[in-house]
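Just so you know, we're using the working numbering here: the sequence shown kicks off at 692 and counts up by one. Positions of the beta carbon are idealized from the N, C-alpha and C atoms, including for glycine.
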Amino acid sequence: MTVFVVTACAGQPAYRAAERGGFGYSERQITEEQYRVNFKARGDNIGMAVDYAMLRAAEITLERGYDWFRVTNRETFVDRERVSSSHVGFGMGYPGPFTRYHLGMTLGDGRSEVEVNLEIRLGRGPVPDDENVFKASEVFENLRPRDAD
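As structure tokens, this is what we get:
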């Protein structure tokens, strides 16, 4: 009997700064009021990745002394790839055209990643009435990880 166990890195929180292009958030300043925010996660939970990209956008907005941000562009990528595979097989044959047996099994480790890229523009003052504009303090309060309390 063979047992396969798959474990995740339970010690790593999902919301964290990315290290060397790894999983987590990163940002790049484009102009004084424009940023590109990225969040990359293991798995295929697009909603979580969007939430964490929005959370980082809210943090940047508040850290820079602004009130709201407008999402000017959003891209979402889901990358599924087979990262390893094994094949176990058994074959048996006899001379002759009709008797051949084969039993096989392929095992794979299918992993996926989701990446969300936001381009944002920061703003101050009254929040414009636009579905792409978000009040940073509300986004932060609603999306921040609760285990940080």
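Please state whether DSSP places A749 in a helix, a strand or coil.
-> helix
Collapsed DSSP secondary structure at H793 in the structure displayed = Model confidence at H793 stands at a pLDDT of 43, short of 50, so the residue's coordinates are unreliable; what they give is reported in the following sentence. Note: H793 maps to strand in three-state DSSP.
Own chain residues within Cβ distance below 7 Å of D742, not counting five before or after = L834
Check the DSSP bridge columns for V637 and list the partner residues they point to.
-> An answer regarding residue 637 cannot be provided, because it is not within the stretch 692 to 840 covered by the chain.
Could you please give the first and the last residue of the uninterrupted beta strand (DSSP E) stretch that includes V818?
-> That residue, V818, is in no beta strand (DSSP E); it is neither H nor E in DSSP.
Run the CB neighbour count on N880, radius 10 Å, all protein chains shown included, and call it buried at 16 or more, exposed below.
-> Absent from the model: residue 880. The displayed extent of the chain is 692 to 840, so no value can be given.
Please report how far the alpha carbon of Y706 lies from the alpha carbon of M745, in whole angstroms.
-> 12 Å
Starting from F831 and walking both ways along the beta strand (DSSP E), at which residues does that stretch end?
-> Looking at the DSSP string, F831 is not in any beta strand (DSSP E); the run it does join, the alpha helix (DSSP H), is A827 to L834.
If you drop the 5 nearest sequence neighbours on each side, which residues of the same chain put their C-beta closer than 8 Å to that of R747?
-> Y716, E718, V728 and F730
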